[in-house]
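Student: Sequence order for the protein chains is A and B. Residue 281 in our numbering sits at position 281 of the first sequence; the count goes up by one each step and never skips. Add 362 to a position in the second sequence, counting from 1, and you land on the number used in our numbering. We put the CB at the ideal spot given by N, CA and C, even for glycine.
There are 2 protein chains.
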Amino acid sequence: MPISVDPGISKMELALAARNHGMPLEALTYDVTPAGLHYLLIHYDIPQVAVGSWTLTVDGAISRPLALTMEDIKSLPQVTERVTMECAGNGRARLDPRPIGQPWLDEAVGTAEWTGVRLVEVLMAAGLEDGAIEVLFSGMDRGVEGGYEQPYERSLAMGDASRPEVILAHSMNGQPLLPQHGFPLRLIVPGWYGMTSVKWLHRITVLTEAFQGYQQSHSYRIRTQEEEPGEPVSRILPRSLMIPPGVPGYPDRERFVSAGEVTIRGRAWSGFGPINRVEVSVGDGGSWIDANVEPATHHYAWQSWHHIWNAAVGSYVLSSRATDATGLVQPLDPVWNLGGYLVNATQSVTVTVTDRSAASAR
Amino acid sequence: MPISVDPGISKMELALAARNHGMPLEALTYDVTPAGLHYLLIHYDIPQVAVGSWTLTVDGAISRPLALTMEDIKSLPQVTERVTMECAGNGRARLDPRPIGQPWLDEAVGTAEWTGVRLVEVLMAAGLEDGAIEVLFSGMDRGVEGGYEQPYERSLAMGDASRPEVILAHSMNGQPLLPQHGFPLRLIVPGWYGMTSVKWLHRITVLTEAFQGYQQSHSYRIRTQEEEPGEPVSRILPRSLMIPPGVPGYPDRERFVSAGEVTIRGRAWSGFGPINRVEVSVGDGGSWIDANVEPATHHYAWQSWHHIWNAAVGSYVLSSRATDATGLVQPLDPVWNLGGYLVNATQSVTVTVTDRSAASAR
């Protein structure tokens with residue numbers, strides 16, 4: 001099905017939102033996101049895999065084809081990477097017209113500790129042949145997209161695939177992968193949007209030509225018309241998010257805060273380098289104040305920031321804006337594209353500040 | 363805020379759907395739902411609780427006020443119950459006009475094994491005084507609803523609170539509760555919709571008058587106009603769901619199946635008693651065929667069913683319909699009410715059956 005645009009939130013989009021989910025923003029408080037709170041975006045169905053009958057096939061332009069069991073994979077040197085992962089479509093539902101797809105607002109993110117083996121070790125064990133230029137990753141999940149049935153598949157150029165932080169992970173936060181996160185094995189590409197980190201991995205194929213599959217040549221490309229080839233989505237643009245302060249309303253989830261000193265806390269991240277600036281606005285005419293940003297403790301995980309706000313009675317729209325070490329800055333307004341990718345515009349949090357005695361009398 | 367009706371899916375409803383989530387229907391394959399796949403409906407924010415400084419207060423019309431630590435609770439006799447839990451609002455988004463609230467389609471369900479202490483043991487330890495008629499459960503989650511700030515609170519009549527299957531649970535599937543499921547302690551009322559099973563429990567108060575709080579006297583009542591007092595929601599009406607067969611499309615998630623024998627599998631449950639009949643329709647003029655229903659293995663958990671369908675090339679709408687031991691049957695069409703509760707109408711799954719050679723040529 002070609003990507004199309006539609007101004008109203010449809011039952012089809014709602015069906016996606018009912019099964020996939022973001023990270024509730026109060027979970028920004030955790031350095032590592034607890035099980036079940038990390039965002040999920042699953043194109044097809046979650047496969048149920050019996051690890052005893054599963055193997056990882058490594059084939060294509062290699063000298064030693066491999067069929068690795070989980071035992072084989074765990075016998076190789078193990079590494080753990082703390083990684084903030086984000087969906088390339090995070091923010092999509094803020095575009096107008098809204099591209100059809102999972103209708104994310106701000107929360108398609110999470111941070112986990114992934115344990116497994118470096119991809120480059122497996123590639124070296126297989127022995128790359130001359131002309132090897134890409135590595136294709138095939139998941140066990142299948143569906144009909146763009147008019148034909150396919151497994152979920154994505155490739156990486158050899159230079160990206162060979163980076164030491166790219167891992168084949170069997171564990172998340174010290175536990176075997178949950179079914180919905182790719183059990184028994186998935187790719188993890190730190191710093192890149194989540195579409196690259198193929199789940200339910202069962203085949204790695206070394207290619208001598210560029211992969212032209214649907215998820216590579218059609219989806220996850222930045223373009224404004226169907227006819228354009230577009231630029232591929234890769235690394236994560238900078239984003240900051242705050243823990244919405246105070247207490248929420250239900251069902252509107254707008255915020256209520258008592259007047260006085262309020263510490264606004266959040267996280268910020270970029271796939272291009274560390275965050276070196278987060279600014280906060282309390283909606284008083286567009287002025288921005290520098291927040292305190294903690295230094296990066298892990299190369300590919302989010303950083304903490306906070307700002308003390310002296311909140312007076314009134315109505316506010318709070319925002320934060322991150323800048324990374326390469327100078328990339330979050331835009332204030334979403335930038336439209338056909339697929340609804342890379343929408344890293346600043347978050348807006350509507351807050352009503354009341355004095356405590358009035359609040360308790362509400 | 364009063365409940366109102368609105369025909370279009372709003373950004374407010376989308377914001378609820380982005381943080382809460384249903385159980386992806388392929389997870390019906392698991393007897394016990396894996397972590398992170400069980401449905402979640404959270405009115406306010408997920409509290410972050412340090413169990414070391416947490417106690418459960420038991421007060422009100424009792425002779426021995428208690429302040430129980432987690433150690434105290436774990437020193438009492440422990441029980442485990444396998445329970446299918448469902449949101450009272452499951453199916454809400456299928457109503458027209460659609461009540462404002464979490465816009466569930468079919469999947470607000472999950473089954474877990476909950477471990478803890480029987481509530482009745484704690485009540486006996488506290489010693490009920492004369493005139494005790496209800497038990498109030500207060501969570502640590504707070505928000506503004508119906509115009510005032512409140513903790514999430516619900517009560518049970520003493521007869522319901524004293525049932526042996528009602529437990530104070532500290533573990534889910536053998537692990538400490540995840541933050542989003544009520545860590546460190548929650549109520550579990552098997553057979554009832556989820557609104558009763560208060561999470562992040564920190565106070566139990568025995569009452570001599572009926573509780574009149576918002577979640578009891580306003581929300582979770584069946585009525586067609588604001589002015590009616592309405593009947594309270596309690597036990598789960600029968601529902602059956604099937605694992606959508608074949609492979610999904612994306613983003614539409616309609617199903618593609620190869621012609622031939624297809625085993626349709628699903629689960630069915632009721633809070634009123636065991637399921638003794640599930641019928642399946644393949645949309646051929648409303649005829650219903652009995653599926654094979656497995657006997658209940660746990661009093662409060664779903665039962666498996668399956669039906670072998672000889673699928674010929676064509677387009678179909680598959681449905682299933684459960685009947686419980688008390689004679690309650692799922693309706694074919696949703697029954698409207700202002701809050702969008704108890705919508706247990708039959709599921710519809712749209713399927714295209716192709717012959718395999720045509721499918722691979724798509």
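When you check each C-beta in the region 519-549 of chain B against every C-beta of chain A, which residues fall closer than 7 Å?
Tutor: L540, P541 and Q542
Student: Listing by chain order, which chain B residues have their CB less than 7 Å from the CB of Q48/A?
Tutor: Position 48 of the first sequence, counted from the first residue, corresponds to residue 48/A. By Cβ distance, chain B contributes T391.
Student: Answer with yes or no whether the minimum CB distance from N271/A to chain B is below 8 Å.
Tutor: Looking up residue 271/A in the first sequence gives position 271. Reading the sequence as shown, one finds Gly at residue 271/A and not Asn. No, G271/A lies away from the interface with chain B (no Cβ there is under 8 Å from its Cβ).
Student: Taking the beta strand (DSSP E) that Y510/B belongs to, which residues open and close that run?
Tutor: On the second sequence, residue 510/B is found 148 positions in, with the first residue counted as 1. Taken as a continuous stretch (DSSP letters only), the beta strand (DSSP E) holding Y510/B covers Y510 to A519.
Student: So, helix, strand or coil for R454/B, using DSSP?
Tutor: Walking along the second sequence from the start, residue 454/B turns up at place 92. In the structure shown, R454/B sits in a helix (DSSP, three-state: H, G or I).
Student: Taking the Cβ atom as the reference point for each residue, do V705/B and G472/B lie within a distance shorter than 8 Å?
Tutor: As a working mapping, residue 705/B is identified with position 343 in the second sequence. As a working mapping, residue 472/B is identified with position 110 in the second sequence. In this structure, V705/B sits away from G472/B, with a CB-CB distance that is not shorter than 8 Å.
Student: Buried or exposed: P657/B, going by 16 or more other Cβ atoms within 10 Å of its Cβ?
Tutor: Here residue 657/B refers to the residue found at position 295 when the second sequence is read from its first residue. P657/B comes out exposed.
Student: Apart from the five residues just before and just after W54/A, which ones in its own chain have a Cβ nearer than 6 Å to its Cβ?
Tutor: The residue given as residue 54/A occupies position 54 in the first sequence. Excluding positions up to five away in sequence, the list reads P184.
Student: Pull out every residue of the region 599-628 of chain B whose Cβ sits closer than 7 Å to any Cβ of chain A, in chain order.
Tutor: V609, P610, G611, Y612, P613, D614, R615 and F618
Student: Would you kindly check if the distance between the Cβ of L603/B and the Cβ of D468/B is under 8 Å?
Tutor: As a position in the second sequence, residue 468/B is number 106, starting the count at 1. As a position in the second sequence, residue 603/B is number 241, starting the count at 1. Result yes, Cβ atoms of D468/B and L603/B sit closer than 8 Å.
Student: List the residues that DSSP assigns as beta-bridge partners of R265/A.
Tutor: By 1-based counting over the first sequence, the position of residue 265/A is 265. Note: R265/A sits in a beta bridge opposite H306/A.
Student: Do the CB positions of T567/B and D421/B come within less than 8 Å of each other?
Tutor: Translated into positions along the second sequence, residue 567/B becomes position 205. Translated into positions along the second sequence, residue 421/B becomes position 59. The criterion of a C-beta distance shorter than 8 Å is satisfied by T567/B and D421/B.
Student: Taking 6 Å as the limit between beta carbons, can you name the residues of its chain near R203/A, skipping five residues before and five after?
Tutor: Position 203 of the first sequence, counting from 1, holds the residue named residue 203/A. If the five residues before and after R203/A are omitted, its C-beta is found closer than 6 Å to the C-beta atoms of T57 and S138, all from its own chain and listed in chain order.
Student: Can you check DSSP and say which residues form a bridge with G422/B?
Tutor: As a working mapping, residue 422/B is identified with position 60 in the second sequence. According to DSSP, G422/B bridges with V568/B.
Student: State the Cα-Cα distance for the pair V482/B and P600/B, rounded to the nearest angstrom.
Tutor: Against the second sequence, residue 482/B aligns to sequence position 120. Against the second sequence, residue 600/B aligns to sequence position 238. Cα to Cα, the separation comes out at about 27 Å.
Student: Sort Y576/B, T714/B, A684/B and E491/B by Cα distance to V642/B and report the nearest one.
Tutor: Along the second sequence, read from residue 1 onward, the residue named residue 642/B stands at position 280. Among Y576/B, T714/B, A684/B and E491/B, the Cα nearest to that of V642/B is on A684/B.
Student: According to DSSP, A169/A sits in a beta bridge with which residue or residues?
Tutor: Numbered from 1 along the first sequence, position 169 holds the residue referred to as residue 169/A. A169/A pairs with G116/A and R186/A.
Student: What is the DSSP secondary structure of L387/B, counted as helix, strand or coil?
Tutor: Here residue 387/B is taken as the residue at index 25 of the second sequence, counted from 1. Here L387/B carries a helix assignment [DSSP, helix/strand/coil].
Student: I'd like to check one pair, L338/A with T224/A: are the Cβ atoms closer than 8 Å?
Tutor: Within the first sequence, numbered from 1, the residue matching residue 224/A stands at position 224. Within the first sequence, numbered from 1, the residue matching residue 338/A stands at position 338. Contact flag set, yes.
Student: Chain B beta carbons: is any one of them nearer than 8 Å to that of E153/A?
Tutor: The residue you call residue 153/A lines up with position 153 of the first sequence. Not closer than 8 Å to any Cβ of chain B, the Cβ of E153/A fails to qualify, so no.
Student: If you draw a straight line from the C-alpha of L28/A to the C-alpha of E86/A, how long is it?
Tutor: Stepping through the first sequence from its first residue, residue 28/A is reached at position 28. Stepping through the first sequence from its first residue, residue 86/A is reached at position 86. Spanning the two alpha carbons is a distance of roughly 13 Å.
Student: List the endpoints of the continuous beta strand (DSSP E) containing D686/B.
Tutor: Mapped onto the second sequence, residue 686/B falls at position 324. Unbroken beta strand (DSSP E) run through D686/B: G676 to D686.
Student: For the region 140-151 of chain A, enumerate the residues whose C-beta is nearer than 7 Å to any C-beta of chain B, in chain order.
Tutor: R142, G143, V144, E145, G147, Y148 and E149
Student: Taking the beta strand (DSSP E) that M502/B falls in, what are its first and last residues?
Tutor: Start at 1 with the first residue of the second sequence, and residue 502/B comes out as number 140. E496 to E507 is the extent of the beta strand (DSSP E) around M502/B.
Student: Just checking: is the beta-carbon of D45/A within a distance shorter than 8 Å of some beta-carbon in chain B?
Tutor: Taking the first residue of the first sequence as 1, we reach residue 45/A at position 45. Interface residue, yes.
Student: Roughly how many angstroms separate the alpha carbons of R186/A and M172/A, rounded to a whole number?
Tutor: Within the first sequence, numbered from 1, the residue matching residue 186/A stands at position 186. Within the first sequence, numbered from 1, the residue matching residue 172/A stands at position 172. The straight-line gap from Cα to Cα measures roughly 10 Å.
Student: Pull out every residue of the region 549-569 of chain B whose Cβ sits closer than 9 Å to any Cβ of chain A, in chain order.
Tutor: none
Student: For E588/B, count the other beta carbons within 10 Å of its own beta carbon; 16 or more makes it buried, fewer makes it exposed. Which is it?
Tutor: Translated into positions along the second sequence, residue 588/B becomes position 226. By the 10 Å Cβ count, E588/B comes out exposed.
Student: Across which residues does DSSP place V640/B in a beta bridge pair?
Tutor: Position 278 of the second sequence holds residue 640/B. Answer is A684/B, bridged to V640/B.
Student: Compute the distance between the beta-carbons of Q350/A and V317/A, then report whether it is under 8 Å.
Tutor: In the first sequence, the residue the question calls residue 350/A occupies position 350. In the first sequence, the residue the question calls residue 317/A occupies position 317. The residue asked about is misnamed: residue 350/A is Thr in this sequence, not Gln. Yes, the Cβ-Cβ distance between T350/A and V317/A is below 8 Å.
Student: At a CB distance below 9 Å, what residues from the region 457-472 of chain B approach chain A? Give them in sequence order.
Tutor: I462, G463, Q464, P465, W466, L467, D468, E469 and A470
Student: Are the C-beta of I222/A and some C-beta of chain C separated by less than 8 Å?
Tutor: Of the chains in the structure shown, none is chain C; the protein chains are A and B.
Student: Compare the beta carbon distance of Y300/A and R82/A with 8 Å and say whether it is the shorter of the two.
Tutor: Residue mapping note: residue 300/A aligns to position 300 of the first sequence, counting from 1. Residue mapping note: residue 82/A aligns to position 82 of the first sequence, counting from 1. Yes, Cβ-Cβ distance for Y300/A and R82/A is below 8 Å.
Student: Counting Cβ pairs closer than 8 Å, one from the region 189-197 of chain A and one from the region 244-256 of chain A, do we hit at least three?
Tutor: no
Student: Would a check of beta-carbon distances place R356/A closer than 8 Å to chain B?
Tutor: Taking the first residue of the first sequence as 1, we reach residue 356/A at position 356. R356/A does not count as touching chain B.
Student: Among the residues of its own chain, which have a CB less than 6 Å from the CB of T714/B, if the five just before and after it don't count?
Tutor: Reading the second sequence from its first residue, position 352 is the one you call residue 714/B. F618 and S677, listed in sequence order.
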